[in-house]
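Student: This is the structure I want to talk about, given as structure tokens.
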Ligand SMILES: Nc1nc2c(ncn2[C@@H]2O[C@H](COP(=O)(O)OP(=O)(O)OP(=O)(O)O)[C@@H](O)[C@H]2O)c(=O)[nH]1
Ligand SMILES: [Mg+2]
Ligand SMILES: [Zn+2]
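Residue numbers (this note's numbering), protein chains in the order written: chain S, 1 to 221; chain V, 1001 to 1117.
The structure is reproduced here in structure tokens:
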């Protein structure tokens, strides 16, 4: 065709979100509010782990929760019933939270008044991995019934997570799950990932996870 | 999935460059997407066609170039290109080390250039 010209663009597609996320992180550092972005498949145990975590360390730290639920308030109600402050973000079918939505949530809860805020991200292992929320740390939960092959199917999620919480270890007997295999597969793309094995049902192993949180917060503030 | 917000972002950036360069129509857009990203080419184009309908970029073709996953062995500094199929059984070709690689690239989400008249 006549007259077609080539123009360099050279821009990151997600640069707006990345910049907004960085601004949030700067504010969180100024306020000394530690934020953990919690991601997993539906039902892996995000809400259960939040409740157990708050029960273990909520006496020492002021904890808040930002809930992303497609269209219900079920999880936010559960959290509030346990005496923990929570705000609900209606994602209305959105498959992930982005920095702008998280900003709304942080403002809604008054993040500067908290030591620790959890974001319960939308339940899936694909989309949330692509969008920086502005959280200080990314944590993912993989539950035993999901299988130890997930790093091969969702590599990006494993590569961007600072922590991997293996949940539902009380179900280990019922499943074909090898923790050493999972650890090795996760380390392939992310050798520095911290791994904890817990049961949010029985409470087993919770202290490894909460000790990690306490240490991170201490180093942060 | 997240193709929709990604496409919105692509369109905004492209329109910004289209205005800056005073073009009358964008014909094609070249994207660099890392192998680790789970974007579906077909959906990207589909959403793009929809969102760009009444803009200078309406009808533009997305050319999606996939960039390989590149790892570096932290034991011996060897770099290696892998595909998603290799995941789960990666061994360093130089020192046979396993499970200790840093990710050099594979996460790109980048607009390289565009053709326009
Ligand atoms: N056996 C067992 N069940 C668990 C454990 N943790 C959570 N569950 C159960 O798993 C189910 C889902 O747990 P949730 O905490 O709601 O999971 P979630 O990730 O918040 O789920 P969504 O928000 O719907 O994505 C519930 O029935 C929990 O009781 C665990 O460690 N062991
Ligand atoms: Mg939940
Ligand atoms: Zn090596």
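Heads up, the beta-carbon is just placed ideally off N, CA and C, and yes, glycines get one too.
Computed from a prediction, not measured in an experiment: that's the story for all the values here.
Three-state secondary structure (DSSP) at residue 108(S)?
Tutor: The count along the first chain starts at 1 and reaches residue 108(S) at position 108. Residue 108(S): helix per DSSP, three-state reduction.
Student: Taking the alpha-carbon positions, what's the residue 37(S) to residue 1047(V) distance?
Tutor: Counting from one through the first chain, the residue named residue 37(S) turns up at place 37. Counting from one through the second chain, the residue named residue 1047(V) turns up at place 47. About 28 Å.
Student: Name the chain S residues that come within less than 9 Å of residue 1098(V), Cβ to Cβ?
Tutor: Taking the second chain and counting its residues from 1, one reaches residue 1098(V) at position 98. Those are 184, 187, 188, listed as they occur along chain S.
Student: Do residue 65(S) and residue 49(S) have their C-beta atoms closer together than 8 Å?
Tutor: Numbered from its first residue, the first chain carries residue 65(S) at position 65. Numbered from its first residue, the first chain carries residue 49(S) at position 49. Cβ distance not < 8 Å, so residue 65(S) and residue 49(S) don't count as in contact.
Student: Hey, is residue 1009(V)'s beta-carbon within less than 8 Å of any beta-carbon in chain S?
Tutor: Position 9 of the second chain holds residue 1009(V). For residue 1009(V), the answer is yes, since a Cβ of chain S falls inside 8 Å of its Cβ.
Student: Quick check on residue 152(S) - is its C-beta less than 8 Å from some C-beta in chain V?
Tutor: Walking along the first chain from the start, residue 152(S) turns up at place 152. It does: the Cβ of residue 152(S) has a partner Cβ on chain V nearer than 8 Å.
Student: Is DSSP giving residue 74(S) helix, strand or coil here?
Tutor: Working through the first chain from its first residue, we reach residue 74(S) at position 74. Correct three-state label for residue 74(S): helix.
Student: Return no unless some Cβ of chain S is closer than 8 Å to the Cβ of residue 1059(V).
Tutor: Reading the second chain from its first residue, position 59 is the one you call residue 1059(V). No, its Cβ sits nowhere closer than 8 Å to a Cβ of chain S.
Student: Give me the residue from 86(S), 167(S), 162(S) with the minimum Cα distance to residue 206(S).
Tutor: For the purposes of this step, residue 206(S) is taken as residue 206 along the first chain, with counting starting at 1. The residue with the shortest Cα to Cα distance from residue 206(S) is 167(S).
Student: Can you tell me which residues form a DSSP beta bridge with residue 143(S)?
Tutor: Your numbering for residue 143(S) matches position 143 in the first chain. DSSP lists 167(S) as partners of residue 143(S).
Student: Inspect the CB distances between the segment 76 to 86 of chain S and the segment 174 to 185 of chain S and report whether three or more fall short of 8 Å.
Tutor: Cβ pair count under 8 Å is below three, so no.
Student: What's the C-alpha gap between residue 3(S) and residue 1028(V)?
Tutor: For the purposes of this step, residue 3(S) is identified with residue 3 of the first chain, where counting begins at 1. For the purposes of this step, residue 1028(V) is identified with residue 28 of the second chain, where counting begins at 1. Computed Cα separation, rounded: 13 Å.
Student: Measuring from the CB of residue 215(S), is there a heavy atom of ligand 1 at a distance below 7 Å?
Tutor: Numbered from its first residue, the first chain carries residue 215(S) at position 215. Outside the cutoff, so no.
Student: Go to residue 1108(V), then tell me how far its beta strand (DSSP E) extends in each direction, as first and last residue.
Tutor: The residue given as residue 1108(V) occupies position 108 in the second chain. Careful: residue 1108(V) lies outside any beta strand (DSSP E) and carries neither H nor E.
Student: What is the rounded straight-line gap between the Cα of residue 75(S) and the Cα of residue 1067(V)?
Tutor: Here residue 75(S) is taken as the residue at index 75 of the first chain, counted from 1. Here residue 1067(V) is taken as the residue at index 67 of the second chain, counted from 1. Near 39 Å, if we compare the C-alpha coordinates of residue 1067(V) and residue 75(S).
Student: Residue 1072(V) versus chain S: which residues are under 9 Å apart at the beta carbon?
Tutor: In the second chain, the residue the question calls residue 1072(V) occupies position 72. Correct list: empty, because the minimum Cβ distance to chain S is about 11 Å.
Student: Do you know offhand how far residue 41(S)'s Cα is from residue 124(S)'s?
Tutor: Residue mapping note: residue 41(S) aligns to position 41 of the first chain, counting from 1. Residue mapping note: residue 124(S) aligns to position 124 of the first chain, counting from 1. Roughly 4 Å separates the two Cα atoms.
Student: Nearest-angstrom Cα distance between residue 1052(V) and residue 19(S)?
Tutor: Walking along the second chain from the start, residue 1052(V) turns up at place 52. Walking along the first chain from the start, residue 19(S) turns up at place 19. The alpha-carbon atoms of residue 1052(V) and residue 19(S) are separated by roughly 25 Å.
Student: Can the beta-carbon of residue 1088(V) be found closer than 8 Å to that of residue 151(S)?
Tutor: As a position in the second chain, residue 1088(V) is number 88, starting the count at 1. As a position in the first chain, residue 151(S) is number 151, starting the count at 1. Yes, the pair counts as a contact, with Cβ atoms nearer than the cut-off.
Student: Would you please verify whether the beta carbon of residue 1027(V) is less than 8 Å from any beta carbon of chain S?
Tutor: The count along the second chain starts at 1 and reaches residue 1027(V) at position 27. At least one chain S Cβ lies under 8 Å of residue 1027(V).
Student: Rounded to the nearest angstrom, what separates residue 187(S) and residue 1101(V) at their Cα positions?
Tutor: The residue given as residue 187(S) occupies position 187 in the first chain. The residue given as residue 1101(V) occupies position 101 in the second chain. The straight-line gap from Cα to Cα measures roughly 8 Å.
Student: Along chain V, in chain order, which residues have C-beta atoms closer than 8 Å to that of residue 8(S)?
Tutor: Counting from 1 along the first chain, the entry for residue 8(S) is found at position 8. Those within 8 Å of residue 8(S) in chain V are 1112, 1113.
Student: Mind checking the segment 97 to 112 of chain S against chain V and listing, in chain order, the residues whose C-beta falls within less than 8 Å of any C-beta there?
Tutor: Of all residues in the segment 97 to 112 of chain S, 98 have a Cβ within less than 8 Å of some Cβ in chain V.
Student: Taking the CB atoms as reference points, tell me whether residue 122(S) and residue 94(S) lie closer together than 8 Å.
Tutor: The residue given as residue 122(S) occupies position 122 in the first chain. The residue given as residue 94(S) occupies position 94 in the first chain. Going by C-beta atoms, residue 122(S) is nearer than 8 Å to residue 94(S).
Student: Any C-beta of chain C sitting closer than 8 Å to the C-beta of residue 13(S)?
Tutor: No chain C appears in the structure shown, which is made up of the protein chains S and V.
Student: Relative to the C-alpha of residue 53(S), which candidate in 204(S), 219(S), 220(S), 221(S) has its C-alpha closest?
Tutor: The residue labelled residue 53(S) in the question sits at position 53 within the first chain. That would be 204(S), whose Cα lies nearest to the Cα of residue 53(S).
Student: Residue 1015(V) and residue 1057(V) look like a contact to me (Cβ under 8 Å); what is the Cβ gap, rounded to whole Å?
Tutor: As a working note, residue 1015(V) is residue 15 in the second chain. As a working note, residue 1057(V) is residue 57 in the second chain. Residue 1015(V) to residue 1057(V), Cβ: 6 Å. Contact.
Student: Taking 8 Å as the limit between beta carbons, can you name the residues of its chain near residue 231(S), skipping five residues before and five after?
Tutor: The question about residue 231(S) has no answer here: the residues shown for chain S are numbered 1 through 221.
Student: Smallest Cα separation from residue 1033(V): which of 1024(V), 1065(V), 1092(V)?
Tutor: Here residue 1033(V) refers to the residue found at position 33 of the second chain. Residue 1065(V) is the option with its Cα nearest to residue 1033(V).
Student: Distance cutoff 8 Å, beta carbons only. Does residue 42(S) sit that close to anything in chain V?
Tutor: In the first chain, counting from the first residue as 1, residue 42(S) sits at position 42. So no, residue 42(S) is outside the interface.
Student: Would you tell me roughly how many angstroms separate the C-alpha atoms of residue 992(V) and residue 1017(V), rounded to the nearest one?
Tutor: In the structure as shown, chain V starts at 1001 and stops at 1117, and residue 992(V) therefore has no counterpart that could be examined.
Student: Are residue 202(S) and residue 120(S) close, meaning C-beta to C-beta below 8 Å?
Tutor: The count along the first chain starts at 1 and reaches residue 202(S) at position 202. The count along the first chain starts at 1 and reaches residue 120(S) at position 120. Contact flag unset, no.
Student: So, does the segment 95 to 107 of chain S touch the segment 1001 to 1012 of chain V, judging by three or more C-beta pairs under 8 Å?
Tutor: They touch, by the three-pair rule.
Student: So which residues on chain V does residue 4(S) lean against when the C-beta distance must stay under 9 Å?
Tutor: In the first chain, the residue the question calls residue 4(S) occupies position 4. Those are 1027, 1028, 1115, 1116, 1117, listed as they occur along chain V.
Student: For residue 1064(V) and chain S, any beta-carbon pair shorter than 8 Å?
Tutor: One-based indexing of the second chain puts residue 1064(V) at position 64. With 8 Å as the cut-off, residue 1064(V) does not count as an interface residue toward chain S.
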